[in-house]
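Structure, as structure tokens:
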Amino acid sequence: MIEEMRHLINAEDEDYKLIIAWLIASLWGRSNSYPVLALGGEQGSGKSTMARLLRSLSDPCAVAASSLPKDERDLMVMAQNGHVLNFDNVSKMENWLSDAICRMATGSGFISRKLHTDGDAYWFHGSRPVLLNGIPTLTERADLAERALSVRLKRIDEEGRQPEDLFWHEWERLKPGMLGALLDGLSAAIRNIDQVHLERHPRMADFARLMVAASSGLGWEDMEFLEAYESNRRGTIEAVFEGDPVAVAIHEFVMGQHGGENWMGTATELYGELIKLVSDQIRSSRFWPQKVNAFGNAVDRAAPLLRSKRIQVTKKATGSKRLIYLDVI
Numbered sequence: 001m002i003e004e005m006r007h008l009i010n011a012e013d014e015d016y017k018l019i020i021a022w023l024i025a026s027l028w029g030r031s032n033s034y035p036v037l038a039l040g041g042e043q044g045s046g047k048s049t050m051a052r053l054l055r056s057l058s059d060p061c062a063v064a065a066s067s068l069p070k071d072e073r074d075l076m077v078m079a080q081n082g083h084v085l086n087f088d089n090v091s092k093m094e095n096w097l098s099d100a101i102c103r104m105a106t107g108s109g110f111i112s113r114k115l116h117t118d119g120d121a122y123w124f125h126g127s128r129p130v131l132l133n134g135i136p137t138l139t140e141r142a143d144l145a146e147r148a149l150s151v152r153l154k155r156i157d158e159e160g161r162q163p164e165d166l167f168w169h170e171w172e173r174l175k176p177g178m179l180g181a182l183l184d185g186l187s188a189a190i191r192n193i194d195q196v197h198l199e200r201h202p203r204m205a206d207f208a209r210l211m212v213a214a215s216s217g218l219g220w221e222d223m224e225f226l227e228a229y230e231s232n233r234r235g236t237i238e239a240v241f242e243g244d245p246v247a248v249a250i251h252e253f254v255m256g257q258h259g260g261e262n263w264m265g266t267a268t269e270l271y272g273e274l275i276k277l278v279s280d281q282i283r284s285s286r287f288w289p290q291k292v293n294a295f296g297n298a299v300d301r302a303a304p305l306l307r308s309k310r311i312q313v314t315k316k317a318t319g320s321k322r323l324i325y326l327d328v329i
């Protein structure tokens with residue numbers, strides 16, 4: 001039954017499994033963390049429609065989608081008044097919002113002063129499923145990418161497109177059966193989750209464990225979901241790595257200029273080595289840190305990406321110096 005709506009989802013088979021997995025996680029009542037679902041694709045791929053469809057299963061709401069919050073307080077208010085946070089037509093992801101969504105996905109607290117008061121607190125603690133859609137890559141930062149399922153929808157051509165009234169009429173016909181199929185998966189998860197032990201634990205380990213437990217109820221083989229999830233994570237990490245000039249430069253320095261040997265030095269020394277490698281265009285871009293202290297933070301963000309490329313980044317204080325170790329593993 002879980003394949004009943006397959007023809008309505010214009011995505012590859014692996015991505016369809018990830019969409020179903022996000023729905024299962026959103027409906028799971030025992031979760032303290034949720035993966036972020038990032039729907040991408042070119043204009044005409046039906047991203048907004050697909051986001052509305054998915055939210056209608058996991059958190060029906062008269063206002064199915066919203067624009068991005070202007071600050072953390074707005075995000076906190078949204079989280080207090082709904083289960084799924086669906087942000088539509090995202091064109092840019094500010095750093096503060098990326099950090100806030102990471103905390104919302106894995107569970108954290110937000111606190112602010114109540115309006116028109118001097119000392120009263122207004123707070124939220126918990127986690128929420130987040131759904132994003134937009135044309136650009138929405139998971140440019142490694143910390144958000146580790147928490148995200150990045151799904152690219154295929155463009156719907158004129159032969160495949162249908163009037164919206166017919167689409168939603170068909171969806172309303174299928175929705176009760178789809179909800180029942182998702183609940184079959186949840187029932188299997190409840191029965192099996194205590195017996196599931198993963199050999200390796202990804203960043204969203206609870207989510208991976210949940211979906212292995214739910215697989216039998218969805219008609220999937222034991223490793224079918226994990227294979228799709230690992231493939232998606234590898235693709236996302238590779239895309240984020242290619243978009244991070246600091247990570248790319250460190251990889252080129254260690255594996256190329258330094259001959260694949262371990263390196264040790266200060267942030268200032270490493271910054272000086274990398275400046276020699278990158279182009280003027282990269283050095284003048286907003287993605288390249290202009291000061292050494294900002295460079296140190298950029299190295300921290302690049303660390304998980306470099307680990308996937310067999311470079312372990314470690315920082316240690318030795319005497320009066322703070323050293324960076326780049327070890328090939």
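Note that the working numbering has the sequence shown beginning at 1, numbered continuously upward.
We put the beta carbon where it would ideally sit given N, CA and C, even for glycine.
Since the model is a prediction, treat every value here as computed from it, not as a measurement.
Residue i versus residue j - alpha carbon distance
i      : j      : result
Thr106 : Phe225 : 21 Å
Ser208 : Pro202 : Per the sequence shown, the amino acid found at residue 208 is Ala instead of Ser. Rounded to whole angstroms, Ala208 to Pro202 spans 8 Å at the Cα level.
Pro60  : Ser127 : 18 Å
Ile111 : Phe87  : 22 Å
Gln257 : Arg283 : 19 Å
Leu54  : Gly243 : 29 Å
Lys291 : Gly109 : 31 Å
Glu172 : Val130 : 23 Å
Asn95  : Gly259 : 34 Å
Ser33  : Met204 : 8 Å
Ala142 : Ala247 : 11 Å
Lys316 : Asp300 : 13 Å
Ile275 : Ser285 : 13 Å
Phe253 : Ser216 : 47 Å
Leu39  : Gly319 : 48 Å
Ile2   : Glu146 : 27 Å
Pro69  : Ala228 : 32 Å
Trp22  : Leu37  : 7 Å
Arg161 : Ser231 : 29 Å
Met78  : Met255 : 46 Å
Ala214 : Gly272 : 51 Å
Trp220 : Asp206 : 19 Å
Arg152 : Arg233 : 13 Å
Glu158 : Glu42  : 15 Å
Nearest residue (CA-CA) to residue i, options the options
i      : options                           : result
Phe295 : Ala267, Gln312, Ser308 and Ala317 : Ala267
Glu164 : Val196, Ser48 and Ser285          : Ser48
Gly265 : Arg322, Leu149 and Ala142         : Arg322
Leu27  : Leu186, Glu273 and Arg191         : Leu186
Gly82  : Ala64, Glu94 and Arg73            : Ala64
Val90  : Phe241, Ala51, Pro289 and Pro245  : Ala51
Thr236 : Leu75, Ile156, Pro304 and Gln43   : Pro304
Ala239 : Ser308, Val313, Trp22 and Glu14   : Ser308
Leu8   : Ala25, Phe167, Asp206 and Ile190  : Phe167
Ile190 : Ile24, Arg6, Ile20 and Pro176     : Ile24
Tyr325 : Ile193, Leu198, Arg6 and Trp263   : Trp263
Three-state secondary structure (DSSP) of residue i
i      : result
Gln162 : coil
Trp263 : strand
Ile282 : helix
Asn330 : One cannot answer for residue 330 here, as it falls past the ends of the chain, which runs 1 to 329.
Ser67  : coil
Leu306 : helix
Asn10  : coil
Ser231 : helix
Cys102 : helix
Glu4   : coil
Ser215 : helix
Pro202 : coil
Trp220 : coil
Phe287 : coil
Trp22  : helix
Ala94  : It is Glu, not Ala, that sits at residue 94 in the sequence shown. Three-state DSSP puts Glu94 in coil, outside helix and strand.
Trp28  : coil
Asn192 : helix
Neighbour-count burial assignment, residue i, 16 or more Cβ in a 10 Å radius
i      : result
Val212 : buried
Lys92  : exposed
His169 : exposed
Asp280 : exposed
Ala188 : buried
Arg310 : exposed
Pro35  : buried
Asn297 : exposed
Ala11  : buried
Lys17  : buried
Ile329 : exposed
Ser45  : buried
Phe346 : There is no way to answer for residue 346, as the model of the chain reaches only from 1 to 329.
Met104 : buried
Ala62  : exposed
Asn133 : buried
Those residues which DSSP pairs with residue i across a bridge
i      : result
Val328 : Ile311
Lys321 : Thr318
Phe241 : None, per the DSSP bridge assignment.
Gly40  : Arg152
Asn133 : Leu39
Any non-hydrogen atom of the ligand MG closer than 7 Å to residue i Cβ
i     : result
Phe87 : As for the ligand MG, it is missing from this structure, which has no ligand bound.
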